[in-house]
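Okay, structure first, notes after.
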């Protein structure tokens, strides 16, 4: 990681950090000196590998400080408790990474209403609620950084659903998150808080592997067509965003693939 990008004395909440992108970011933030709150539903091993306790164990074994908090991002009371426990334990919240998300890989005509509602509740409403409960603490300190893990390009001229295995329902939630990101950045700019959206690109995470085709030939075609990267490639760009303020870098929808080239 680039020199000078550290999070010493900072407290970061990373949602959906039992595996994949969230796990990689949580570990990277802890390595950079942050106290990290690892939040997700996964307390015990399930169909998809990874738990919040495993992420915390990795961080602690490397000498970092972390706290596992079970959290269903679709439940407002869970989010309220997550932020309250973080504040009670560490005294502050400096960084929020809204990474938790779900997806379905079906055409719109085959998408069940309950799945549409779930995606909206987790991917968009969950991010809204996380921001809502974290912001009073950031405003009190007149500082903070919110990173929304989103999708699509900054101009919104191509839909995320053009990516392999991504649905229109998922795309709709991410475009909503893009709008939330840009609007919120302006709303809290006077408080010194940075709000940015980070598109990680196609990532070969545990969750993505779980929804890939089961047939070996189909799976090979699936991954070859999308040219995926491992979750760790997101860490440097996420760390940069975590260190920013409203004055230095905010209100941007950026792609991890362009980090160091098209931005900062």
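In the working numbering, the protein residues as written are 316 to 579. We put the CB at the ideal spot given by N, CA and C, even for glycine.
Our contact map puts residue i next to residue j with C-beta atoms below 8 Å; I'd like the distance itself, whole angstroms only.
i	j	result
residue 347	residue 556	Contact flag wrong, Cβ pair sits at about 12 Å.
residue 443	residue 495	6 Å
residue 509	residue 560	5 Å
residue 569	residue 513	6 Å
residue 457	residue 507	5 Å
residue 419	residue 486	In fact, because the Cβ distance is near 11 Å, the residues do not count as touching under 8 Å.
residue 581	residue 437	The requested residue 581 does not occur in the structure, where the chain is confined to residues 316 to 579.
residue 445	residue 413	5 Å
residue 320	residue 558	6 Å
residue 327	residue 349	5 Å
residue 340	residue 550	6 Å
Provide the residue(s) that pair with residue i in DSSP beta bridges, ordered along the chain.
i	result
residue 402	Paired residues: none, contrary to the question.
residue 381	351
residue 411	328 and 461
residue 389	Beta-bridge pairing links residue 389 to no other residue.
residue 578	574
residue 418	Bridge partners of residue 418: none, in fact.
residue 518	544
Starting from residue i, trace the beta strand (DSSP E) both ways and give me its first and last residue.
i	result
residue 570	568 to 570
residue 508	508 to 514
Which residue's Cα is closest to the Cα of residue i: the options?
i	options	result
residue 582	361, 325, 321 and 368	As displayed, the chain neither begins before 316 nor continues past 579, which places residue 582 out of reach and without an answer.
residue 324	406, 543 and 515	406
residue 439	488, 418, 421 and 558	488
residue 463	573, 390, 567 and 400	567
residue 518	548, 507 and 385	548
residue 399	490, 515 and 447	447
residue 484	503, 532, 505 and 428	428
residue 336	490, 545, 360 and 575	545
residue 375	390, 344 and 426	344
residue 383	461, 543, 431 and 342	342
residue 359	386, 340, 377 and 349	386
residue 492	530, 532 and 434	434
residue 422	431, 415 and 543	431
residue 441	578, 390, 571 and 363	390
residue 562	416, 402 and 504	504
residue 515	576, 552, 403 and 402	552
Quick check on the DSSP output: the alpha helix (DSSP H) that includes residue i runs from which residue to which?
i	result
residue 497	483 to 503
residue 345	335 to 346
residue 449	441 to 456
residue 429	428 to 434
residue 553	550 to 557
residue 323	Segment: none, residue 323 is in no alpha helix (DSSP H) and carries neither H nor E.
residue 356	Unbroken run through residue 356: none, as it is neither H nor E.
residue 424	Run containing residue 424: none; DSSP gives neither H nor E here.
residue 370	367 to 376
At a cut of 8 Å, does the segment 317 to 332 reach the segment 346 to 361 through at least three beta carbon pairs?
yes
Report yes or no: do the segment 390 to 401 and the segment 361 to 377 share at least 3 C-beta pairs separated by less than 8 Å?
no
Check whether the segment 398 to 415 touches the segment 451 to 463, taking contact to mean three or more Cβ pairs, one atom from each stretch, closer than 8 Å.
Contact between the segment 398 to 415 and the segment 451 to 463 is present, because at least three Cβ pairs lie under 8 Å.
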